[in-house]
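2 protein chains.
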Amino acid sequence: MTSDRASLIPALKNIATQLRIDSARSTTQAGSGHPTSCFSMADLAAALFFSEMRFDPQRPHEPDADRFILSKGHAAPILYAAWAAAGAFDRSELLKLRELGSDLEGHPTPRLPFVDVATGSLGQGICAAIGSALNARRIQSDYRTYVLLGDGESAEGSVWEAANVAARDRLDNLCGITDVNRLGQSQPTMWQHDMGQFERRWQAFGWNTIVIDGHDMAAILDAFDQARSVTGRPTMILARTEKGKGVSFVEGKDNWHGKAFKKDELEKAITELETQIVPGVPVNAPALIRKPEARQRAEAASKPIPAPNYKLGDHVATREAFGDALARLVTANPRVVVLDADVKNSTYTDRAEKAASDRFYENFIAEQVMVGAAMGLSARGAIPFASTFACFLYRAADFIRMAAIGSNNIKLAGTHAGVSIGEDGPSQMALEDLAMCGAEPNFTVLYPSDAVSTERLIALAAEKQGPVYIRLSRPKTSVIYANDETFTIGGLKVVKESADDVATVIAAGVTVDQALEAHERLKASGTSIRVIDLYSVAPVDREGLLAAARATKGRLITVEDHYSTGGVGDAVAEAVADGGFTVHRLAVTEIPRSGKPEELLERFGISATHIVNAVTSLVGTVAAR
Amino acid sequence: MTSDRASLIPALKNIATQLRIDSARSTTQAGSGHPTSCFSMADLAAALFFSEMRFDPQRPHEPDADRFILSKGHAAPILYAAWAAAGAFDRSELLKLRELGSDLEGHPTPRLPFVDVATGSLGQGICAAIGSALNARRIQSDYRTYVLLGDGESAEGSVWEAANVAARDRLDNLCGITDVNRLGQSQPTMWQHDMGQFERRWQAFGWNTIVIDGHDMAAILDAFDQARSVTGRPTMILARTEKGKGVSFVEGKDNWHGKAFKKDELEKAITELETQIVPGVPVNAPALIRKPEARQRAEAASKPIPAPNYKLGDHVATREAFGDALARLVTANPRVVVLDADVKNSTYTDRAEKAASDRFYENFIAEQVMVGAAMGLSARGAIPFASTFACFLYRAADFIRMAAIGSNNIKLAGTHAGVSIGEDGPSQMALEDLAMCGAEPNFTVLYPSDAVSTERLIALAAEKQGPVYIRLSRPKTSVIYANDETFTIGGLKVVKESADDVATVIAAGVTVDQALEAHERLKASGTSIRVIDLYSVAPVDREGLLAAARATKGRLITVEDHYSTGGVGDAVAEAVADGGFTVHRLAVTEIPRSGKPEELLERFGISATHIVNAVTSLVGTVAAR
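Going down the list, the protein sequences come from chains A and B. The numbering used here puts the first residue of the first sequence at 24, with every later residue one more than the last. The numbering used here puts the first residue of the second sequence at 24, with every later residue one more than the last.
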């Protein structure tokens, strides 16, 4: 041991004790929280923040700063205590933990400048850490990413998706730490203190593993040293710890998960913790922090994206236009990266891979880590486009929820939406994807109907700050817009209108072609309808919809290639409700089945014929065939 | 090798060849499908169906019959071919594959009597298989469960959740087979033919593993024999195979995933396959099948459930009433089983564990396998109640989607819904759960506001065939119903009404107390409102809502502890739209944050004060405070 280290260790131990005290105080003040989950990781946190990581507490977003993600987000109080000890903000703020007026929430969110992604839904932080580590490669930085997991958390499947991908991508700039404190929320964890169970798993998944006593500061520092020296694979430090470490009446005891100390318990706890402070070791915590090298970085500027190049009336699937648009975008903009889950030949993102293979990340069939990595990439300045069949994005629903909480700048594209995919059957049909993304109040939801609008909307999605979902279709649809047509987020297109329109049909995606066919058929029998392409589902153009409603006697019909809940119809209904208008909906109302696309549009009530019948019935005129 | 086996092997090989031919023919006839994914598993399927498994093709639901779940659902054509060869239906039906009129869909669904759960979203079948294996214990049967996975599929995290739980539960009646055919959809899999990668993982997770050549029939039969002899842990047979096995122009070749042969390719393929038929081995496939022992089973009858026992005006959290109701239910009904994901002390299902520990299954922090196991249990006659915090059920969204497709008889309960959980913050708040379950057209969605209705609705949920979701709250709410009050799925309760009501406030869960308080405050200032407790969100009582709308001048206000999309407000709006009524909504419209429950109801616009203001503003009277 060097003499530096000999003096460092008692200082770090004192910092750890102080972090325990701060975590106990803040949770008691809040009246809730997880102090014992903080205690088990206190030594690890002290070593990470005040010896291992290079960062500037005043400028956490510095591109070359090391990252720390607290995957076990319920230990938030010690994360906050560590940043306060580092000097990021005043320690007195800690006592506002969990108050409505404070950003020191029950679980960490990026409302705090030093938090990259919201955690608190377990098994997600490690996926985001992969994105952070991939970003270091993108910007050619040597920053390292650290992520701390709970042992109970390791039962989440997403952890093992991450384990596979990180090993496959040889992410030696990624260091995980598992806080093996033996106790879950309601009972001991699956593997308790059997460290071999953890070690065997991580080794089998291709990681370097280091098993340590998580309360032995020298061992912790050695482990970080070793992890830093390993090349070609990520490291998982498996730290055996005690939940509640340092306070004898809770240490290793059941039934203390998620419980703050009562006032008298707090005093007892602090008294005991204070006895553990090594005397004669004055601690200037901020002075211990290693700063990253100051470096000038000028990210290559984005080039203009070429205009679309289609012919009106041609037939092109929006998923294919997406692939082409993405290939152009990734070529033009060095911040754009692309993530796939082994469907790139169906989503056409293989074209983007060809255009920029170094910014294309293959996750194989593992949608959770794909979206999680996108979250991490976005937090570090990349603009990630993650795509798969829309129904399989649903596998990552909880990641999407957390991305919304973190307001991450991710772009999700779901192809093969709706019954219009045909023969593959219901398991491959996304019918809930708009409900999933539309439910999140800060998601932009786009649903192009043709190739031109797809290309334009992909470009807009990249520019728009915040989470965006783009819904794409499998069948070829007509090119209905000129290449110089412009689109806006929150807009719509009135694609057919006349002064005599008796009703407005609001379509999107594949149903726009159906609405246009219905328009032709009705016109042949002397009935005019207005047709709207609702390419922006959220935000929705309330004024545009109200204007159409007023112009067509309040007769609004939506045509939706998805279940009736949470999609186009609900968005329109909510938008026009205050105007006193109601909406007649054509949507999928039962579990669909295999068949030809056109048969299914007919069978499930969203074909041109159904639109004609709905108009006819609403208007009360003689049926037009 | 016994002489029996010596004659069996060529017969099985001939069956395998015939299964390949049938899979090729049916997919070409359909014009789409995955013949090469069928070819790789043909030898495995032949051995399973015609040597290993005990079943009666005419009575697939026999309680003591072995089960086969095709986790890689895209190989559906060979599953159908195997059942046809077994005599379950006429082989000519195979040529209707993927047609609208046929139940032989692109991916398997329980529309077919021999399919337990819908597959086609990868990584789910193995989770369902755990449920099937657990059910064998429940009914004390020695039936075995077999599940066949793809190698690409093994990247899904849910597979490793299943691996943990099956090993932990010592499910030696479960046998997995991984068809390691090396090729994914868009490229080679992560591990290709490196069998050690698979073996290390499964061994680390505690499984018995057997690596074989998946085209060596003797090795396959030996592996099944060995698996049957292992006690105390599940077995994974890792079968090295070739995608497209048997047809030289596709065998082991890239770019053949999910492609049916063209007519001329089919002829070439069949010609080549026919040369592989061992001559002089007449095959009577159905005669080879081993039947399960005929056994009389009389399941113990369900006993009556005691009535609730609360006092009007007491304060009880619905999550706690749920735990008590479940404890009574599991005691009364031997078909009821309970699944947890390490939150049983917060959902109060630990009370059900105490009541019937042998029907309580702990999944630790792994929500996907919890819901997947519930699917498998339900397919075998159990009535599974799976519960966790409602926001974490979202982790299993794609399983819930597939459970809807399979119309599985699962009961999901999500506790801690909405902003009313308070200090833990947004990561722990379910605000999209109603959108998730409500989007599925065959889900029953219940949302009780008090303890009595909770108990009654839990009992109704158990009786109702099909998927049910019950939304539960963290805070204590008033007991507002007498213990003998009756409830119906699809009903609502008018809890306050008078002839002078100027508006109807439709609340649910925690917002019923808020609406009742608003009712009191408005009454004090001379304004009467109707208050509805919408405890059944799907189906919704359309007539009841329309009647209230008509009685209160069309003034409807919903108060929703969730995001505005896909929940109570959308359900009400859709129900009353045809009556020409619109709805004024109070719901959460931004990402929430930590704070006290009552502060959050206020901040996010769903408190009594907001209801009073909304009524006042709608009615246009002077503000009542």
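Idealized CB from N, CA, C, for every residue including glycine.
Item	Value
Inter-stretch contact (C-beta, 8 Å, three-pair minimum) for the stretch 100-109 of chain B and the stretch 64-78 of chain B	yes
N37(A) to R90(A) span [Cα, whole Å]	23 Å
Buried versus exposed, by CB contacts within 10 Å (16 or more), Q208(A)	buried
Extent of the continuous alpha helix (DSSP H) run through P615(B)	From DSSP, P615(B) is part of no alpha helix (DSSP H); its letter is neither H nor E.
Separation of Q81(A) from L123(A), as counted between CA atoms	24 Å
Unbroken beta strand (DSSP E) run spanning P407(B), endpoints	I406 to F412
Cβ of V606(A) within 8 Å of any chain B Cβ	yes
S630(A) (DSSP reduced to helix, strand or coil)	coil
Members of the stretch 453-479 of chain B that neighbour chain A once the beta carbon cut-off is set at 8 Å	L454, E455, A458, M459, G461, A462, E463, P464 and N465
Cutoff 8 Å: F383(A) Cβ touching any chain E Cβ	Included in the structure are the protein chains A and B, with no chain E among them.
Identity of the residue in G532(A), N465(A) and G180(A) nearest S587(B) by Cα	N465(A)
Assigned exposure category for A335(A) - 16 Cβ within 10 Å defines buried	Position check: residue 335(A) holds Leu in this sequence, whereas Ala was assumed. By the 10 Å Cβ count, L335(A) comes out exposed.
Separation of R578(B) from A572(B), as counted between CA atoms	6 Å
Local conformation of E478(B) per DSSP, three classes	helix
Simplified DSSP assignment, three categories, for A141(B)	coil
Rounded distance between the beta-carbons of A610(B) and G589(B), thought under 8 Å	About 10 Å; that fails the 8 Å criterion.
Check whether D266(B) and N204(B) have beta carbons under 8 Å apart	In the sequence as displayed, the identity of residue 266(B) is Lys instead of Asp. For K266(B) and N204(B), yes; Cβs fall inside 8 Å.
Contact belief for G441(B) with D584(B) at Cβ below 8 Å, rounded distance in angstroms	3 Å
Start-to-end residues for the alpha helix (DSSP H) that takes in Q586(A)	At residue 586(A) the sequence reads Tyr, which differs from the Gln that was named. Careful: Y586(A) lies outside any alpha helix (DSSP H), inside the beta strand (DSSP E) at L579 to Y586.
Residue range of the beta strand (DSSP E) that includes L261(B)	T258 to R263
Among I300(B), T612(B), G489(B) and A29(B), the one whose alpha carbon lies nearest that of S430(B)	G489(B)
Contacting residues, own chain, Cβ-Cβ under 6 Å from V140(A) (five flanking each side not counted)	A151, M398, A402 and G429
Which of helix, strand or coil DSSP assigns to E385(B)	strand
Short CB-CB distance (under 8 Å) between N332(B) and chain A	no
Pairwise C-alpha distance: I433(A) and N368(B)	36 Å
Beta strand (DSSP E) runs wholly inside the stretch 413-481 of chain B, at least 3 long, in chain order	434-438 and 467-469
Under 7 Å from the C-beta of T411(A): neighbouring residues of chain B	Within chain B, no residue comes near T411(A); the closest Cβ sits about 10 Å away, beyond 7 Å.
Cβ separation of A189(A) and P257(A), assumed to be a contact under 8 Å, to the nearest whole Å	5 Å
G173(B) - partner residues in DSSP beta bridges	D202(B)
Residues near S640(B) by beta carbon distance below 8 Å, same chain, minus five either side	none
Meets three-Cβ-pair contact criterion under 8 Å: the stretch 493-504 of chain A and the stretch 331-348 of chain A	yes
Secondary structure, alpha helix (DSSP H): runs of 4+ residues fully inside the stretch 182-244 of chain B	218-227
Members of the stretch 506-532 of chain A near chain B, C-beta cut-off 8 Å	none
Contact list for the stretch 110-130 of chain A against chain B, Cβ threshold 9 Å	L120, R121, E122, L123, G124, S125, D126, L127, E128, G129 and H130
Contact under 8 Å by Cβ, L296(A) with T50(A)	no
Contact set between W183(B) and chain A, taken where Cβ atoms lie within less than 7 Å	G180 and W183
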